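Residue numbers (full-length UniProt numbering), protein chains in the order written: chain A, 1 to 212; chain B, 1 to 212; chain C, 1 to 212; chain D, 1 to 212. Where a beta carbon is used, it is the ideal one built from N, C-alpha and C, also for glycine. Please read these numbers as outputs of a predicted model, since none were measured by experiment.
There are 4 protein chains.
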Amino acid sequence: MTEKRRQVHASVKDIQLIEKRRSEMIRGAVQLFKQKGFHRTTTREIAKASGFSIGTMYEYIRTKEDVLYLVCDSIYDQVKERLQQIDFEQGTLESLQLGITYYFRVMDEMQDEVLVMHQEVKSLSKDVLPYVLKKEVEMVSMMETLIQRCVDRGVLEMDEKKVHVLAQNIFNQGQMWGFRRWMIQKSFTLDEYINLQTDLLFAGINGYKTSN
Amino acid sequence: MTEKRRQVHASVKDIQLIEKRRSEMIRGAVQLFKQKGFHRTTTREIAKASGFSIGTMYEYIRTKEDVLYLVCDSIYDQVKERLQQIDFEQGTLESLQLGITYYFRVMDEMQDEVLVMHQEVKSLSKDVLPYVLKKEVEMVSMMETLIQRCVDRGVLEMDEKKVHVLAQNIFNQGQMWGFRRWMIQKSFTLDEYINLQTDLLFAGINGYKTSN
Amino acid sequence: MTEKRRQVHASVKDIQLIEKRRSEMIRGAVQLFKQKGFHRTTTREIAKASGFSIGTMYEYIRTKEDVLYLVCDSIYDQVKERLQQIDFEQGTLESLQLGITYYFRVMDEMQDEVLVMHQEVKSLSKDVLPYVLKKEVEMVSMMETLIQRCVDRGVLEMDEKKVHVLAQNIFNQGQMWGFRRWMIQKSFTLDEYINLQTDLLFAGINGYKTSN
Amino acid sequence: MTEKRRQVHASVKDIQLIEKRRSEMIRGAVQLFKQKGFHRTTTREIAKASGFSIGTMYEYIRTKEDVLYLVCDSIYDQVKERLQQIDFEQGTLESLQLGITYYFRVMDEMQDEVLVMHQEVKSLSKDVLPYVLKKEVEMVSMMETLIQRCVDRGVLEMDEKKVHVLAQNIFNQGQMWGFRRWMIQKSFTLDEYINLQTDLLFAGINGYKTSN
DNA sequence: AATGAATGAGTTTTCATTCAT
DNA sequence: TATGAATGAAAACTCATTCAT
């Protein structure tokens, strides 16, 4: 799977160093964006939080927006990487349930990052946005595959459109767990939320009932 | 229902005039926020789009954030007003379905406003935010009532927690129709989306099947 | 004679005020450019020297380069205005000599401004430069007219090319009086310089001898 | 003739290497200054254009201004070197004319360099400037000698002041051929320009007529 | 001698807000 | 009430120079 990603220009040549500095930068930036959002965070603050001078920071990026791009890109990558632990091809209801449960857990652990991304993607300029949105599509696709395999194996019966909506819904519900935490996490524990959602889901699929 | 809402200070005394000017301001601001977001929009631009001078604008607000608050507040009010058309108390599956359908349609018609709000609420400062989030809770509550009445009348059988999740899910799915339009609206027409979602929902509830 | 000149954008509407503030700005800027050149002068220094805040200054221009343009433009205008005192059409040797003498005197009085301009025009960006160079052409043309009329009246005999070179030479020598002052003004007083140059010129033209 | 020239500090000891690196630097810098001027050219760009790293460059100079000094100095040296081909002592009108012609040709061939120098000397700081201006004086002196010899031999008759002005004029006209190329070179070929200028000159001197 | 990553003072420009008219 | 000129703090970004390797 070749990743086509926007290259962010660096003046520094040492690729390993770039990798290192950028991950320091991303860590620093996420903390700040979480607290104050992208626009209210200054480049100097990012540099400081990253542990280097403003001049050094600009050796590794061209514009402030590059930081946002790197942050978003990195979060998607982490999420995707974790999701790739799932066996998408098995096609059993158990694997589907496991997959969904796992996804919700990832969303819970990365809720800060997901919150930042959810809130700030729209701040990316028109020409970088597609690169990031593509990743969102990919993640929904992973969900779709997970469901579609069950359909392929005859374990579930539904048309493509339904598979698509379902995948989107799961994806959204996972994001909302972090995004609307102030509302949702007041009412439910993670396990409750997972159970309720999978229950509804499986019931919605074909009357199948897991627990209660 | 007494509305507790943050008072936005105005130097001008004439209440009617305040109302008039502010609605002009909100109209102008929404257009701009839609295009460029809150942070990239300047107060001068808002004043210009509203049809008066920057000096005049500051007679009706105290800070730029006030504009954002007014915008968010106004959008919620509009949405709520439209949702209040629904008969929440009837407690039949038909009224539930009608209510959901109606909600999705409102979300479709107001998708620009909803997008703005969804993206910019987090830009509100910590002390205004609660006022706005409270409205979100209220809207979810309306959804909950709609479902709960069915439970009360024995038409549906489920515990409170499930009612709560369900209400949240519907609320989210409606917002996502506008927020992820670039993804969702490529795959579905509004009617398809509504049908699929209500199908899943009613199936999820108790095996009930509307169409297909 | 309609002047086609590049419009420099101002946020302020009051045209009289623009005129006033800009002339304050030009005065301040010329002093500074004279001492340190355009690049070594900061916008804050210009604002301060002009008697207003940096914010105010930017209400009357868009970029630092605009200041340079305004300065150059204004200098050319002043020079041109002064040169227009000359009667270019008379076509006598006396009027020619008077014209040249007058030109040298103007160059002497405005030597600071001319120095600035001579040194900084090249700092103008490619798209403004033509507007300014056009003015240089116009000034050489004025010189040409002055000579050409003498040819027309039969007082002088030479072809167009020679008229052209001659006009350029005079124009240059005038500028050099200010530009190479450290060299020239050590050796000559203004009157000496004028006499020597007109002598050479008139001798060069047709053996005519004014003084000595 | 002992050259008093400002020493530019180098950390490196090997004199031959210094010479080599500096001439690479000058070549690179002239190209860049020609295009963008001294101030808009960065030290990194100069280093790159010179074929070595920024660190290495700073082994051979102390400040960015040193580069400008080296460039100006080198250009003057080249021009002077070429002018030294002329036989200044012969004292005939033919040799005078040849000298002038030759000078104009040198100015034509080196017009880029001369342009750079003409535009950027003023960027030199007050303490380096004299070293460079001295060279300008020397070059004018060479012109003066060329003419003076003719006076000494009785071929021309004029006082010292006139010799001085004449030498300055020739010097300027040569520089202007390159500096105002956009204006002059539109109207004349080099040969035309040389002919016209020498014509005027010799006529100006004593009614002598070379060609036409 | 050569390299290039690190630095941070300094630069231009923006924009929310005020206040005299 | 309405206006818009004035303000200056704050922001993004640059680049000459240094110094450890």
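>> Is there a Cβ of chain B sitting closer than 8 Å to that of Gly37/A, yes or no?
In response: Looking up residue 37/A in the first sequence gives position 37. True, the Cβ-Cβ gap to chain B drops below 8 Å.
>> For chain B, check one thing: does any of its Cβ atoms lie closer than 8 Å to the Cβ of Leu133/A?
In response: For the purposes of this step, residue 133/A is taken as residue 133 along the first sequence, with counting starting at 1. So, interface residue.
> How would you list, in chain order, the residues of chain C whose beta-carbon sits under 8 Å from the beta-carbon of Glu65/D?
Replying inline: Mapped onto the fourth sequence, residue 65/D falls at position 65. None at all; the shortest Cβ gap to chain C is about 11 Å.
>> Among the candidates Glu89/A, Leu115/A, Gln90/A, Phe38/A, whose CA atom is the shortest distance from the CA of Ile75/A?
In response: Residue mapping note: residue 75/A aligns to position 75 of the first sequence, counting from 1. Closest by alpha carbon: Leu115/A.
> List, in order along the chain, the chain B residues whose C-beta lies closer than 8 Å to that of Val165/A?
Replying inline: As a working mapping, residue 165/A is identified with position 165 in the first sequence. The answer, in chain order, is Phe188, Tyr193, Leu196, Gln197, Leu200.
>> Given a cut-off of 8 Å on the beta-carbon distance, is the pair Glu24/A and Leu32/A in contact?
In response: Here residue 24/A is taken as the residue at index 24 of the first sequence, counted from 1. Here residue 32/A is taken as the residue at index 32 of the first sequence, counted from 1. Contact flag unset, no.
> Helix or strand or just coil, what does DSSP make of Val132/B?
Replying inline: The residue labelled residue 132/B in the question sits at position 132 within the second sequence. Helix at Val132/B.
>> What does the Cβ neighbour count give for Glu157/D, buried or exposed, with the cut at 16 atoms within 10 Å?
In response: On the fourth sequence, position 157 is the one that residue 157/D refers to. It is exposed - the Cβ of Glu157/D has fewer than 16 other Cβ atoms within 10 Å.
> Start and end of the alpha helix (DSSP H) containing Thr41/B?
Replying inline: Residue numbering aside, residue 41/B sits at position 41 when the second sequence is read from its first letter. Where Thr41/B is concerned, there is no enclosing alpha helix (DSSP H), given that its DSSP letter is neither H nor E.
> So, do the segment 175-184 of chain A and the segment 83-96 of chain A have three or more beta carbon pairs nearer to each other than 8 Å?
Replying inline: Touching, no.
> When we look at the beta-carbon of Leu17/D and count the other beta-carbons within 10 Å, is it buried (16 or more) or exposed?
Replying inline: Numbered from 1 along the fourth sequence, position 17 holds the residue referred to as residue 17/D. Exposed is the call here.
>> Quick check on Asp14/A: buried or exposed, where buried means 16 or more other Cβ atoms within 10 Å of its Cβ?
In response: In the first sequence, counting from the first residue as 1, residue 14/A sits at position 14. Result: exposed.
> Going along the segment 130-164 of chain A in order, which residues come within less than 8 Å of chain B, judged by CB to CB distance?
Replying inline: Leu133, Glu136, Val137, Val140, Lys161, Lys162, His164
> What does Lys122/C reach in chain D if we use C-beta pairs closer than 8 Å?
Replying inline: On the third sequence, position 122 is the one that residue 122/C refers to. Within chain D, the residues Gly37, Gln119 have their CB atoms less than 8 Å from the CB of Lys122/C, given in chain order.
> Does Pro168/C have its Cβ less than 8 Å from a Cβ in chain D?
Replying inline: In the third sequence, the residue the question calls residue 168/C occupies position 168. One point to set straight first is that residue 168/C is Gln, not Pro, in the sequence displayed. Answer yes: the Cβ-Cβ gap between Gln168/C and chain D drops below 8 Å somewhere.
>> So, for Leu68/D: in the same chain, excluding its five sequence neighbours on each side, which residues have a beta-carbon less than 7 Å away from its beta-carbon?
In response: Sequence index remark: in the fourth sequence, residue 68/D carries index 68 (1-based). Excluding positions up to five away in sequence, the list reads Phe38, Glu120, Ser123, Leu124.
> Does DSSP put Gln84/D in a helix, in a strand, or in coil?
Replying inline: What you label residue 84/D is simply residue 84 of the fourth sequence in a count that begins at 1. Three-state DSSP puts Gln84/D in coil, outside helix and strand.
> Looking at the C-beta of Ala203/A, does it have a partner C-beta in chain B at a distance below 8 Å?
Replying inline: Taking the first residue of the first sequence as position 1, residue 203/A is located at position 203. Taking Cβ atoms only, chain B reaches closer than 8 Å to Ala203/A, which makes this a yes.
> Cβ of Leu70/A within 8 Å of Cβ of Cys150/A?
Replying inline: Here residue 70/A is taken as the residue at index 70 of the first sequence, counted from 1. Here residue 150/A is taken as the residue at index 150 of the first sequence, counted from 1. No, they are not a contact pair.
> Cα separation between Asn169/A and His118/A?
Replying inline: Here residue 169/A is taken as the residue at index 169 of the first sequence, counted from 1. Here residue 118/A is taken as the residue at index 118 of the first sequence, counted from 1. Whole-angstrom Cα-Cα distance: 16 Å.
> Which whole runs of the beta strand (DSSP E) in the segment 95-150 of chain C are 3 residues long or more, in chain order?
Replying inline: none
>> If we define contact as Cβ-Cβ less than 8 Å, is Trp182/D a contact residue for chain C?
In response: Position 182 of the fourth sequence, counting from 1, holds the residue named residue 182/D. It does; some Cβ of chain C falls within 8 Å.
>> Let me check understanding here. Comparing Cα to Cα, which of Thr101/B, Val155/B, Asp73/B lies closest to residue 259/B?
In response: Past the boundaries of the shown model lies residue 259/B; chain B is included only from 1 to 212, so the question cannot be answered.
> Would you report the Cα separation of Gln35/D and Asp112/D, rounded to the nearest angstrom?
Replying inline: As a working mapping, residue 35/D is identified with position 35 in the fourth sequence. As a working mapping, residue 112/D is identified with position 112 in the fourth sequence. When rounded, the distance between both Cα atoms is 10 Å.
> Should Gly51/B be labelled buried (16 or more other beta-carbon atoms within 10 Å of its own) or exposed?
Replying inline: In the second sequence, counting from the first residue as 1, residue 51/B sits at position 51. Label assigned to Gly51/B: exposed.
>> Taking its Cβ as the centre, do 16 or more other Cβ atoms sit within 10 Å of Gly28/A, making it buried, or is it exposed?
In response: By 1-based counting over the first sequence, the position of residue 28/A is 28. With 16 or more Cβ atoms within 10 Å of its Cβ, Gly28/A is classed as buried.
> What residue does the alpha helix (DSSP H) around Ile170/B start on, and which one ends it?
Replying inline: Against the second sequence, residue 170/B aligns to sequence position 170. Looking at the DSSP string, the run of the alpha helix (DSSP H) that includes Ile170/B is 160-179.
> What residues in the segment 83-112 of chain C bring their beta carbon closer than 9 Å to a beta carbon of chain D?
Replying inline: Cβ contacts with chain D come from no residue of the segment 83-112 of chain C.
> By DSSP, does Leu68/B sit in helix, in strand, or in coil?
Replying inline: For the purposes of this step, residue 68/B is taken as the residue at position 68 of the second sequence. The answer is helix: DSSP assigns Leu68/B an H, G or I state.
> Listing by chain order, which chain C residues have their CB less than 8 Å from the CB of Gln173/D?
Replying inline: Counted from its first residue, the fourth sequence places residue 173/D at position 173. In chain order: Asn169, Asn172.
>> Against Met176/A, what residues of chain B qualify as contacts under a CB-to-CB distance less than 8 Å, listed in chain order?
In response: Reading the first sequence from its first residue, position 176 is the one you call residue 176/A. Per Cβ cutoff of 8 Å: Gln168, Asn172.
>> Which same chain residues end up closer than 6 Å to Arg82/A when comparing Cβ atoms and leaving out the 5 residues on each side of it in sequence?
In response: On the first sequence, position 82 is the one that residue 82/A refers to. These residues qualify, in order along the chain: Val106.
> Given a threshold of 16 other Cβ atoms within 10 Å of its Cβ, counted over all protein chains shown, does Arg153/D qualify as buried or as exposed?
Replying inline: As a position in the fourth sequence, residue 153/D is number 153, starting the count at 1. With fewer than 16 Cβ atoms within 10 Å of its Cβ, Arg153/D is classed as exposed.
> What does a CB cutoff of less than 6 Å around Gly99/B pick up in its chain, not counting 5 residues either side in sequence?
Replying inline: The residue given as residue 99/B occupies position 99 in the second sequence. Excluding sequence neighbours, Gly99/B sits near Ile86, Leu146.
> Are Phe104/D and Gly174/D close, meaning C-beta to C-beta below 8 Å?
Replying inline: The residue given as residue 104/D occupies position 104 in the fourth sequence. The residue given as residue 174/D occupies position 174 in the fourth sequence. Yes; because the gap between Cβ atoms is below 8 Å, this pair is in contact.
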